[in-house]
Amino acid sequence: MKKILLIVLTLFAAVGLTACGGGGDNNNDDDYLVTITFWNIFTGPDGEEMINLVNDFNAANEGVYRVNTQTIPSNDFYEKLNTVVPQGQGPDVAIMHLDQLARYAQLGLLTSFDDLASDLDLDETNYIEAVWDAGIYESKRYAVPLDVHPIGLYYNQDILDAYDVEVPTTFDELIAACEILNDDTIDQWCLPLSNVWPSQLLFQASLYQHGGMDLDEDGLYPAYNTQNGYDALNVFHELIFTHGVSPVNTTVDEDLALFRQGKAAFHINGIWMLNGIIDSGINFGTASIATLFGDTPAVWAGSHNFVMPRPAKVNEDKQEAIVAFITYVSENSLRWANAGQIPANLTVLDSAEYQALPYHSTFVDIDDIMFPSLSPYFQDSFEPIFSRVTDAMNDPNADIQALLDEAELEGTQRLNEALGN
Amino acid sequence: MKRSVIDRLKEKSSLLFIAPHLIIFSIFFIIPFFYGIVISLFNWHMFFPEMREFIGFDNYQKILFDTEHIYHEYFFNGLGNTFTFVLISVPLLVAFPLLFALLINIEPPGYKVFRGIFYLPSLLSISTLVLIWRWVLNTNVGILNLTLSEVGLDRIPWLAEQPFAWASLVTMTVWWTIGGNMVIFTASLKEIPQSLYEAAEVDGANIFQKFFNITIPGMKNQLLYITIMTTLASFNVFGQPQLATGGGPSESTKVLMMYIREIAFGGGRPNPGIATAMAVLLGIIMIAISLFQSRIIRRLG
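Chains as they are written, first to last, in numbering that gives the first Met the number 0: chain A, 0 to 420; chain B, 0 to 300.
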């Protein structure tokens, strides 16, 4: 009996002690060392390069700054941010997607770079204008762009050569090419299309190419339920069910798998897939999709941005370290290009090394890039279309107009809720 | 009579024994349980405590009666889908383990191996389970469809079209959870005195008569327990549709738990007040149904 009591008490004491032990993490050896935490969302091959960049920064600033990085899959990332930042437990610096910036700035979860004690030593003429401007919400800067990541067309050079087909640039050319390239006898598809990710990005590109808009001019209500929106969505329904360019019910990464296996002539995906496709060893090239679905040149693109989640207490030493880190990564973003992204830094973009990269310059014309509306309500109003894009690509009898109506209604209801109406 | 010091200490020591469980139970169950109810009565701003306001039953009113409201639609779509899953899955999740338990109870040669095999899937995590089944059910490269097309049949969109999507989700759930219930059933079959069967045989009862008049009444308690626990588990279904269908096609497999999670933490616009109110409503429904079930089964017994 006594023995058991003793054991229980010891266990309690042990738990208590370890709990206390976690409290103080002062490192007495390096009193002047400033440590910052950095959350990134790069889980692919780009993640390794980001960790290399962090390690190199740490090595270059030994004893002065130290960055501890943590990689979190982007699905979990925003949920984690939502729960820890209000507690003042967030990371010092993090990566955020462009279409989330306005919402997080509006929610008050980000610190503006304008409020820094030390100036951010970045020259705005050094950045792609559209993406630099996207970091501003209500005339304050909340984000520094790292890269731009558009979607584009990957084509299998060997298949095109075998059938003597040129890379299509318009919808008609695509259809014509597919009539030749779809070959049942050898299980070869022209353009396998996943009905889930990244289909919503393809729809967005198609919407802009048809002259449509995602949200209205005020960045509030859904604006995609129009003739343009109808045409934009119908393109994918027809590609699958009228022209048969893709196997039906293709899900995420199946389209990619077919292309990597050399069973598909074309594949549309983000530039972030570049290394994955290089690894497959097929002979391929890249082209812009700017006019593939409609007449107005437009390519959907996202962007990774550095942001500073609101801290519990402002710490100027840490802010200095953050600025140093962001500057370092930006200046070294050619390495980021090798990881499969387009750097936002113009100096890097204009460099001979970047121009010499085999797949980047043909992937997109920077002028064609279209970002989604920079509104804090983008998700509320636009997200409901995503599952309808899936339905349109899944169901041979889909009623395109009804899908748009449903999405618009749900988007409007969600927006009203968000606006507190 | 005066109690000795030792006796009193002994009494106190019992507290020490339940303390570890009590503390963990409080932290992870009791406190969140009541905290959740509190949150459901607030317009709970996730980020700024000063913006939280007490609104009584407004969240419940919105969810249940405000037909114009998006959360009303989400709740009833989610609840309907959850009910569909429960109605299809629970009978199978009870019947199949029972069948397998009966077969194993006959103790055919190698039954121990089979018992192990049937139990094996229960050890898998939900993500492993779904990953395996996605490779089986994939429309274009799945083993099942490749086999179908080998024998000249059409490929079936197992996860992308109804009613196949429900069939797939239920099948993987049955495969996954057969082991747990089966073990309970096999144990309880052993409890039934063999003499009853022998007596019945003397009276000339056939196999079905023996099953319904001896086996079923003999394991009434276990049957009740399994039915209730399985129903509750099925109401909480989340992982299978989340990972296998993503709620599709057309949000027809998007169960209530998926909506609740999305509204509570989701990227869009977290609204813990609404989410907890939905969770409380689901909890009330689950309690009501298990009470109802226990009555029915007791009466049958």
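Beta carbons are placed, not taken as given, at the ideal position from N, Cα and C, and that holds for glycine. The model shown is predicted, which means the values in this text are computed figures rather than measured ones.
- Query: Quick one: what does DSSP say P269 of chain B is sitting in, helix, strand or coil?
  - Reply: Coil, per DSSP.
- 6 Å Cβ shell around N328 of chain A - same chain, five flanking residues per side excluded: For the sequence presented, residue 328 of chain A should be read as Val rather than Asn. A distance below 6 Å between beta-carbons, with the five flanking residues on each side excluded, links V328 of chain A to the following residues of its chain, in chain order: L52.
- Taking Cβ positions only, does L52 of chain B come closer than 9 Å to chain A? As written in the sequence, residue 52 of chain B is Glu, which differs from the Leu given in the question. So no, E52 of chain B is outside the interface.
- Query: So is N51 of chain A in contact with chain B if we call contact Cβ pairs under 9 Å?
  - Reply: No, its Cβ sits nowhere closer than 9 Å to a Cβ of chain B.
- Task: Could you tell me which uninterrupted alpha helix (DSSP H) segments, each at least 4 residues in length, are contained entirely in the stretch 125-209 of chain B, listed from first to last along the chain?
- Result: Fully enclosed alpha helix (DSSP H) runs of 4 or longer: 125-136, 142-149, 163-190, 193-201 and 206-209.
- Message: Between A:A104, A:N304 and A:N337, which has its C-alpha nearest I325 of chain A's C-alpha?
- Response: The option with the nearest alpha carbon to I325 of chain A is A:N304.
- Member of A:I281, A:H242 and A:L238 whose CA lies at the smallest distance from the CA of A256 of chain A: Out of A:I281, A:H242 and A:L238, A:I281 has the C-alpha closest to the C-alpha of A256 of chain A.
- Item | Identity of the residues DSSP links to V236 of chain B by a beta bridge | Per DSSP, none; premise fails for V236 of chain B.
- Sequence-distant residues of the same chain with beta carbon closer than 7 Å to P90 of chain A, five excluded per side: Take P90 of chain A, set aside five residues on each side of it, and the residues of its chain with a beta-carbon closer than 7 Å to its own are T36, F37, W38 and P308, in chain order.
- Query: Which of helix, strand or coil does DSSP assign to T169 of chain A?
  - Reply: DSSP places T169 of chain A in coil when its eight states are reduced to three.
- Identify every residue that forms a DSSP beta bridge with F69 of chain A. One point to set straight first is that residue 69 of chain A is Gln, not Phe, in the sequence displayed. Partner(s): A:W38.
- Inter-residue Cα distance where the pair is E10 of chain B and L223 of chain B: In this structure, the alpha-carbon of E10 of chain B lies about 35 Å from that of L223 of chain B.
- Query: Who does I96 of chain A pair with in a DSSP beta bridge?
  - Reply: For the sequence presented, residue 96 of chain A should be read as His rather than Ile. Residue pairing by DSSP places H96 of chain A opposite A:H303 in a beta bridge.
- Say whether chain B places a C-beta atom closer than 9 Å to the C-beta of T447 of chain A. Residue 447 of chain A lies beyond the stretch modelled for chain A, which goes from 0 to 420, so this question has no answer here.
- Start and end of the alpha helix (DSSP H) containing F283 of chain A? Looking at the DSSP string, F283 of chain A is not in any alpha helix (DSSP H); the run it does join, the beta strand (DSSP E), is F283 to A286.
- chain B contact for E172 of chain A (CB, 9 Å cutoff): Closer than 9 Å: no.
- Message: Using a Cβ-Cβ cutoff of less than 8 Å, which residues in the same chain neighbour P269 of chain B once the five nearest sequence positions on both sides are dropped?
- Response: Cβ neighbours of P269 of chain B beyond the five flanking positions: M45, I262 and A263.
- Task: Would you mind telling me which residues of chain B sit closer than 9 Å to T389 of chain A, beta carbon to beta carbon, in chain order?
- Result: Simply A159, G245, G247, P248 and S249.
- Provide the residue span of the alpha helix (DSSP H) that contains H236 of chain A, from first to last. For H236 of chain A, the uninterrupted alpha helix (DSSP H) segment begins and ends at Q226 to F240.
- For Y153 of chain A, the three-state DSSP class (helix, strand or coil): Here Y153 of chain A sits in strand by DSSP.
- Item | Close-in-space but distant-in-sequence residues of the same chain around L242 of chain B (CB under 6 Å, 5 per side omitted) | Here the set comprises V129.
- Query: Between A:N344, A:L97, A:T249 and A:T70, which lies nearest to D122 of chain A when the distance is taken from Cα to Cα?
  - Reply: It is A:N344.
- Task: Pick helix, strand or coil for Y376 of chain A, following the three-state DSSP scheme.
- Result: It is coil, neither helix nor strand.
- What residue range is occupied by the uninterrupted beta strand (DSSP E) comprising H266 of chain A? For H266 of chain A, the enclosing beta strand (DSSP E) starts and ends at F265 to G269.
- Query: Along chain B, in chain order, which residues have C-beta atoms closer than 8 Å to that of G218 of chain A?
  - Reply: Within chain B, not a single residue places a beta-carbon under 8 Å from that of G218 of chain A; the smallest gap is close to 15 Å.
- Task: Measuring only between beta-carbons, confirm whether Y258 of chain B sits less than 9 Å from chain A.
- Result: The beta carbon of Y258 of chain B does not come within 9 Å of any beta carbon belonging to chain A, so the residue lies off that interface.
- Message: Less than 9 Å between the C-beta atoms of V247 of chain A and P149 of chain A, yes or no?
- Response: A distance of 9 Å or more separates the beta carbons of V247 of chain A and P149 of chain A.
- Message: Quick check on DSSP: helix, strand or coil for M369 of chain A?
- Response: Strand at M369 of chain A.
- Message: Quick check: L180 of chain A and L159 of chain A, are their CB atoms within less than 9 Å of each other?
- Response: The beta carbons of L180 of chain A and L159 of chain A sit closer together than 9 Å.
- Query: Relative to the C-alpha of G46 of chain A, which residue among A:N60, A:T68, A:F56 and A:V33 is closest?
  - Reply: When A:N60, A:T68, A:F56 and A:V33 are compared, the shortest CA-CA separation from G46 of chain A is found for A:T68.
- Could you have a look at I135 of chain A and say whether DSSP puts it in helix, strand or coil? Strand at I135 of chain A.
- Query: With H266 of chain A and D254 of chain A assumed to form a contact (beta carbons below 8 Å), what rounded beta-carbon distance in angstroms separates them?
  - Reply: That belief holds up - the Cβ atoms of H266 of chain A and D254 of chain A are roughly 6 Å apart, short of 8 Å.
- Task: Answer yes or no: do S147 of chain A and Q354 of chain A have a C-beta to C-beta separation smaller than 9 Å?
- Result: Note that residue 147 of chain A is Val in the sequence shown here, rather than Ser. One thing to note: V147 of chain A has its Cβ no nearer than 9 Å to the Cβ of Q354 of chain A.
- Item | Coil, strand or helix - D404 of chain A by DSSP | In the structure shown, D404 of chain A adopts helical secondary structure according to DSSP, grouped into three states.
- Task: Indicate whether the contact test is met: 3 or more Cβ pairs, each with one atom in the stretch 111-122 of chain B and one in the stretch 193-204 of chain B, closer than 8 Å.
- Result: Cβ pair count under 8 Å is below three, so no.
- Task: For R268 of chain B, decide whether its Cβ has a neighbour in chain A, counting only Cβ atoms nearer than 9 Å.
- Result: Answer yes: the Cβ-Cβ gap between R268 of chain B and chain A drops below 9 Å somewhere.
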